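Student: My structure is below; once you've seen it, I'll send some questions.
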Amino acid sequence: MRRSGVLMHLSSLPSPYGIGTMGQSARDFIDFLVKAGQSYWQILPVCPTSYGDSPYQSFSTFAGNPYFIDLDELAEAGLLEKSEYAAIDWESMPNKVNYEALYRKRYPILHRAAERFLKRPPGAFDEFCRENQYWLDDYALFMTLKMTNNGLPWLEWEPALRNHEPERLKKARWEQETETLFWKVMQFFFFSQWNNLRSYANERGIDIIGDLPFYVALDSVDVWAHPELFQLDEDRRPTEVAGCPPDGFSATGQLWGNPLFDWEEHEKKEYGWWINRIGYLCKVYNVLRIDHFRGFDSYYGIPYGARDAGEGRWHPGPGIALFRAMEKTIGKQRIIAEDLGFMTGSVRKLLRESGFPGMKVLEFAFDRRDDNNSDYLPYRYIPNCVAYTGTHDNDTIQGWFTSADPEDAAYAKEYLRLNEPSNYHWDMMRALWESAADLTIVQAQDLLGLASDSRMNTPSTIGRNWIWRALPGSFDDRLAEKLRHYTGLYGRLAE
């Protein structure tokens, strides 16, 4: 079944409150997708962000980001007065997020709402805490201890807390009961609003594609509470960390710094943590994209403390055994495998055995640095794939034609028969829509024809990523009508 959708993170929605939220602007975007004949809305991970503001470096793989809680909806529930937040200066431009200002100014407002909520908490709150106890208790305590330790990583806490000793944790929960309740309330607020938003989308024929980062952050509750699942030394520091090797894109590779999984330990436990993680997120979203899928076949380990990724080496991953265990436990799930990057025959075999659709990125097709680029040319697409013009890690289409090697750009112009620069983004998206791929996803920035300054992320850089926001009124009826026309022209119109 041929379908299409749009990639735009929650943070990028228009909002007067510094960042996109799960409120009216999210519903307006869903209404735009419906008018445009789309079937999918793809977003990035919704977990709480840590240093660098990346949704792929989070304090928790299970929790939701409190920044996305809509303040207007809290006011409608009687937990805030609009005068308490409407006039706040979020110190950001309409098209950018200022995370530092959000950190300083959002939490005092959310604390006020939580205090009012806890005066008469509904039974649904207790039920939520019971159902999610397996991750929520540790998460709430982790965030509480992080705040009381001035934001320091857990590796720098006092030894008993650092080592997750039960008696010390019990004492900390008693001493910090009020603050741990606050973090639980934040998750209740988040998932209450999320479930309402997802229902709104699903009732209108829009499925939400979510994202599961392959690795977790070292400074996360996941590593703090479950050190046995990671490759750590006796001091709970990583022995090797994640990244990718040098290639045509980077002479020194990419040093991500995430701790590596202890796959032998995961196998002993029948992959229970991974199955819980995937199963949980498959309930949060309609479809789950798994980032860095090739890591299940083999993964790149770099000695802890290395300056770059050049000293790394490859190790075998769990392979198909994890997915067979998953299917046996929770059944088949709607999953997209992000199979980009350094591909080998064994990675391709794993993708075939899993049956998951892989990804194709049109911008990659014209890059001469990649020996596999021909796999991304539209005539090579198979139906069981999800095709993108670019992902959150790529430049916008208009930006790509400016920043790409001139020979690559010339190749793309000839292949796609491009003539008018102002229309490059529409021509490139049309090449995607007319391909054989069952599902195509385009970036919101490309629908708007935006340049490189609206790019979501430039890998291996910090400081200017994850901040783009759409301006109010960007997704209007005229754009919806044009997108609907092409969606129907290429047989992708939602029924």
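So the sequence shown is numbered by my numbering: it starts at 19 and just counts up by one. Glycine residues also receive a C-beta, built at the ideal position from the N, C-alpha and C atoms. If you're wondering where the values come from, they're calculated on a predicted model, not measured in any experiment.
With H, G and I counted as helix, E and B as strand and the rest as coil, what does DSSP make of Ser33?
Tutor: coil
Student: Can you name, in chain order, every residue of its own chain whose Cβ lies under 7 Å from the Cβ of Ile226, other than the five neighbours on each side?
Tutor: Trp59, Ile61, Arg216, Ala219, Tyr303, Asn304
Student: Going by the CB atoms, is the gap between Leu250 and Pro231 shorter than 8 Å?
Tutor: No, Cβ-Cβ distance for Pro231 and Leu250 is not below 8 Å.
Student: Out of Met446, Leu187, Pro424, which has the shortest C-alpha to C-alpha gap to Thr458?
Tutor: Looking at the Cα atoms, Met446 is the closest of the given residues.
Student: Pick from Ala454, Ile338, Ala469: whose alpha carbon is nearest that of Asp315?
Tutor: Ile338
Student: Roughly how many angstroms lie between the CA atoms of Glu94 and Phe279, to the nearest whole one?
Tutor: Each residue's Cα considered, the two are about 44 Å apart.
Student: Can you pull the DSSP bridge partners for Gln60?
Tutor: Leu25, Ile227
Student: Indicate the three-state DSSP secondary structure (helix, strand or coil) for Pro258 in the structure shown.
Tutor: The question names Pro, but residue 258 in the sequence shown is Glu. Strand at Glu258.
Student: Lys350: buried (16+ other C-beta within 10 angstroms of its C-beta) or exposed?
Tutor: exposed
Student: For His333, which beta-bridge partners are listed by DSSP?
Tutor: Tyr317
Student: Of the choices Leu25, Leu501, Ile480, Ala498, whose alpha-carbon is the least far from that of Leu273?
Tutor: Per the Cα distances, Ile480.
Student: Is the distance from the Cβ of Ala343 to the Cβ of Tyr298 below 8 Å?
Tutor: Taking 8 Å as the Cβ cut-off, Ala343 and Tyr298 do not qualify as a contacting pair.
Student: For Phe208, which residues of its own chain have a beta-carbon under 6 Å away from its beta-carbon, when the five flanking residues on both sides are left out?
Tutor: Excluding positions up to five away in sequence, the list reads Gly82, Ile87.
Student: Do you know how far the Cα of Tyr233 is from the Cα of Pro84?
Tutor: 21 Å
Student: Could you name the residues that DSSP lists as bridge partners for Ile459?
Tutor: Gly23, Tyr406
Student: Using CA atoms only, rank isn't needed, just tell me which of Arg331, Asn475, Asp456 is closest to Tyr317.
Tutor: Selection Arg331, Asn475, Asp456 evaluated against Tyr317 yields Arg331 as nearest (Cα-Cα).
Student: What span of residues does the beta strand (DSSP E) with Ala355 cover, start to end?
Tutor: 353–355
Student: Return the bridge partner residues of Met377 from the DSSP annotation.
Tutor: Val404.
Student: Looking at Thr67 and Gln75, is the spacing between their C-beta atoms short of 8 Å?
Tutor: yes
Student: Going by alpha carbons, who is nearest to Ile354 out of Cys403, Lys100, Asp155?
Tutor: Cys403
Student: Starting from Trp291, trace the alpha helix (DSSP H) in both directions and tell me its first and last residue.
Tutor: 290–302
Student: Between Pro63 and the rest of its own chain, which residues show a CB-CB distance below 8 Å, the 5 nearest in sequence each way excluded?
Tutor: The residues are Pro73, Tyr74, Ser76, Gly228, Asp229, Leu230, Pro231.
Student: Helix, strand or coil: which one does DSSP assign to Ile308?
Tutor: The three-state secondary structure of Ile308, taken from DSSP, is strand.
Student: My understanding is that Tyr103 touches Leu89, with C-beta atoms under 8 Å, so please give their C-beta distance in whole angstroms.
Tutor: Taking C-beta atoms under 8 Å as the contact rule, Tyr103 and Leu89 qualify, at a distance of about 5 Å.
Student: Taking only three categories from DSSP, how would you classify Thr196?
Tutor: helix
Student: Cα separation between Ser472 and Asn483?
Tutor: Straight across, the Cα-Cα distance linking Ser472 with Asn483 is about 9 Å.
Student: Rounded to the nearest angstrom, what separates Tyr399 and Arg510 at their Cα positions?
Tutor: 16 Å
Student: Let me make sure I understand the geometry here. Which of Glu452, Ala131, Asn150 has the alpha-carbon closest to that of Tyr504?
Tutor: Comparing alpha carbon positions, the residue from Glu452, Ala131, Asn150 closest to Tyr504 is Glu452.
Student: Which residue wins for smallest C-alpha separation from Leu154, given the options Phe200, Arg180, Tyr121, Pro112?
Tutor: Phe200
Student: Between which two residues does the beta strand (DSSP E) carrying Pro126 extend?
Tutor: Where Pro126 is concerned, there is no enclosing beta strand (DSSP E), although the alpha helix (DSSP H) it sits in stretches over 117–135.
Student: What are the boundary residues of the beta strand (DSSP E) that Pro277 is part of?
Tutor: Element bounds for Pro277: 272–277.
Student: Using 8 Å as the Cβ pair cut-off and three pairs as the minimum, do the segment 431–447 and the segment 487–495 touch?
Tutor: no
Student: Quick one: residues in its chain with C-beta nearer than 8 Å to the C-beta of Gly408, no 5 flanking neighbours on either side, listed in chain order?
Tutor: Val379, Leu380, Glu381, Thr414, Ile415, Trp418, Gln461, Asp464
Student: Between the C-alpha atoms of Pro139 and Ala158, what's the straight-line distance to the nearest angstrom?
Tutor: 17 Å
Student: State the beta-bridge partners of Thr67 as determined by DSSP.
Tutor: Ser76
Student: Report the residue from Lys164, Asp49, Gly359 whose alpha carbon sits nearest the alpha carbon of Ser268.
Tutor: Gly359
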